[in-house]
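In our numbering, the protein residues as written are 132 to 409.
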């Protein structure tokens, strides 16, 4: 609240004007806190509601705060762990959903995925869609998140709704923050520049590294600028074959190397050349 709260403090107040005409009890209001951590923020906020600050730039876990009149109504809480995870395309991630009885709540709680919160290509599978709570007890449900090989990379905020009945219908939600990564590879030349006297050869090592579990065959080729009739000769080698193009296999999470060789003769045009490996 402007003028009252310090940095990082979320402040909410609820006023009821003329609404208590008889003695009653039940859920009066529900407040959901959701925050976004700035790229420079650090530390952890631990207060009555146990809101945690995570690495940027993702949503922090939120907590539902129920307002009650009279005696506390039997209810339940629902949470997911881990709250945030990164899953490569074509792989699966897992989370545990915990449903806990509060204030003596007993009965069935049903878990659902609101269709609007589950984007195409990012299915969420639950090993149980309904659990039965005993007073003070906790039940666990396993959730599997399985982005397909064509799921767009990026951050997704998935919502699971838990519904139970205790005099009134109670609906609580928990979030699963998922970042889908796209497998890729990187390539680095070492050394990055060569000096070749006329009539000599020199080589550089090309290292290809898997990114986000990429695995597969990569075809290497090159271009040279300027392209002159009497320019240097360029060859690529993968250890078993040599030519203007070679194929290497990048292992998941690993690296593979190839060699680029520049050769000149006594009549090679003296120049500065730029060689790009594709």
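Backbone N, C-alpha and C fix where the C-beta goes; we use that ideal spot for every residue, glycine too.
Tell me the DSSP bridge mates of residue i?
i: residue 353; result: 408
i: residue 381; result: 347
i: residue 207; result: 232
i: residue 392; result: 334 and 366
Can you tell me the Cα-Cα spacing of residue i and residue j, whole angstroms?
i: residue 382; j: residue 259; result: 36 Å
i: residue 374; j: residue 281; result: 34 Å
i: residue 285; j: residue 364; result: 43 Å
i: residue 212; j: residue 228; result: 7 Å
i: residue 236; j: residue 262; result: 13 Å
i: residue 312; j: residue 319; result: 21 Å
i: residue 398; j: residue 362; result: 9 Å
i: residue 344; j: residue 220; result: 9 Å
i: residue 287; j: residue 245; result: 14 Å
i: residue 230; j: residue 370; result: 57 Å
i: residue 226; j: residue 256; result: 10 Å
On the premise that residue j lies in contact with residue i, defined as a C-beta separation below 8 Å, what is that separation, rounded to the nearest angstrom?
i: residue 353; j: residue 339; result: With 8 Å as the limit, residue 353 and residue 339 do not qualify as a contact, their Cβ atoms being about 14 Å apart.
i: residue 317; j: residue 276; result: About 26 Å; that fails the 8 Å criterion.
i: residue 408; j: residue 391; result: 7 Å
i: residue 336; j: residue 325; result: 11 Å between Cβ atoms; not a contact.
i: residue 207; j: residue 295; result: 6 Å
i: residue 389; j: residue 377; result: 6 Å
i: residue 232; j: residue 268; result: 5 Å
i: residue 102; j: residue 314; result: Residue coverage of the chain in this structure runs from 132 to 409, which leaves residue 102 outside it and unanswerable.
Quick one: any contact between the stretch 296 to 313 and the stretch 348 to 362, if contact means 3 or more CB pairs under 8 Å? With a cut-off of 8 Å, the stretch 348 to 362 and the stretch 296 to 313 do not count as touching, because too few Cβ pairs lie within range.
Is it a yes or a no for the stretch 318 to 333 touching the stretch 236 to 245, going by three-plus beta-carbon pairs under 8 Å? When C-beta atoms of the stretch 318 to 333 are compared with those of the stretch 236 to 245, fewer than three pairs fall below 8 Å, so the two segments do not count as touching.
Pick out the complete beta strand (DSSP E) segments inside the stretch 282 to 315, 3 residues or longer, and give them in chain order. Segments of the beta strand (DSSP E) lying fully in the stretch 282 to 315: 285 to 297 and 299 to 312.
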